[in-house]
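Take the sequence shown: its position 94, counting from 1, is numbered 93 in numbering that gives the first Met the number 0, and each next residue is one higher.
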Amino acid sequence: MRALINRLKSDEALMLAYQRGDSDAFEYLYHRHKDGLFAFLYRSCPRRAVVEELSQDAWMAVVNSARHYRAEALFRTWLYQIARNRLVDFRRRKDNAHATLDDVPEPAADAGADERGELQQQLMGAITRLPGEQRDALLLQEQGFSLREIADITGQVEETVKSRLRYARGQLRQQLGGEL
Numbered sequence: 000m001r002a003l004i005n006r007l008k009s010d011e012a013l014m015l016a017y018q019r020g021d022s023d024a025f026e027y028l029y030h031r032h033k034d035g036l037f038a039f040l041y042r043s044c045p046r047r048a049v050v051e052e053l054s055q056d057a058w059m060a061v062v063n064s065a066r067h068y069r070a071e072a073l074f075r076t077w078l079y080q081i082a083r084n085r086l087v088d089f090r091r092r093k094d095n096a097h098a099t100l101d102d103v104p105e106p107a108a109d110a111g112a113d114e115r116g117e118l119q120q121q122l123m124g125a126i127t128r129l130p131g132e133q134r135d136a137l138l139l140q141e142q143g144f145s146l147r148e149i150a151d152i153t154g155q156v157e158e159t160v161k162s163r164l165r166y167a168r169g170q171l172r173q174q175l176g177g178e179l
């Protein structure tokens, strides 16, 4: 019965329950958001080992910051803001360090991919070539975040987010030859 009650609770209610010591509440939060968070990070940085580390760091930050959480913002927005901050830190470290084996993109699963798979690979390649701020805004929008939520996560105003999305789409069209 408790499991059903936890599944019906909002993320914010679950996080507040976790603050009070309910470890089951955290488990439900984790299972609700782990795949979406991993997908966002993977699209931003297609290196599985790095993404696993960034994801783990983000969840550890949630655990370590739980006592400071206030339900003024959506839990999902707070979680993605933490993950994005970890991603930005990684990009800064990577820009300041020499390439390592972790910096080499993973090979495609099937080299003889069909036309759709090839287009998808081209799109992912084009997305990874976008400037970080544009890429993050685009991927957050793809994850279903509103302009307001993207602005909260990235620390920008909505007009800046709109501009970054417009430039990102324009660059993707240019890179893909207008196929978007």
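Idealized CB from N, CA, C, for every residue including glycine. Because the structure is a prediction, the values reported are computed rather than measured.
Check	Outcome
Residues of its chain near R42, where Cβ-Cβ distance is below 6 angstroms and the 5 sequence neighbours each way are ignored	L138
Three or more C-beta pairs below 8 angstroms linking the segment 48-64 and the segment 73-93	yes
Identity of the residue in L28, R31, A72 nearest R147 by Cα	A72
Rounded separation between I126 and L171 - CA only	7 angstroms
Residue nearest to R69 in terms of C-alpha spacing, selected from L36, R90, D10	D10
Per-residue DSSP class, three states only, for G131	helix
Supposed close pair V160, I149 - CB separation, criterion 8 angstroms	5 angstroms
Boundaries of the alpha helix (DSSP H) in which F25 is found, first to last residue	22-43
D30 classed as buried or exposed, judged by whether at least 16 other C-beta atoms fall within 10 angstroms	First, the residue type needs correcting, since residue 30 is His and not Asp in the sequence shown. Looking at its Cβ environment, which holds fewer than 16 other Cβ atoms inside 10 Å, H30 is exposed.
Cβ shell of A16 (< 6 angstroms), same chain only, five flanking positions each side left out	A24
Neighbourhood of S54 by C-beta distance below 8 angstroms, restricted to the same chain and skipping five residues each side	K33, L36, F37, L40, A82
K8 - DSSP class collapsed to helix/strand/coil	coil
Rounded Cβ spacing between D56 and R85 (contact assumed at less than 8 angstroms)	5 angstroms
Counted within 10 angstroms of its Cβ, other Cβ atoms place A48 as buried (16 or more) or exposed	exposed
Close beta carbons around L129, own chain, < 8 angstroms, minus the five adjacent residues each side	L137, A167, Q170, L171
6 angstroms Cβ shell around M14 - same chain, five flanking residues per side excluded	Y68, F74
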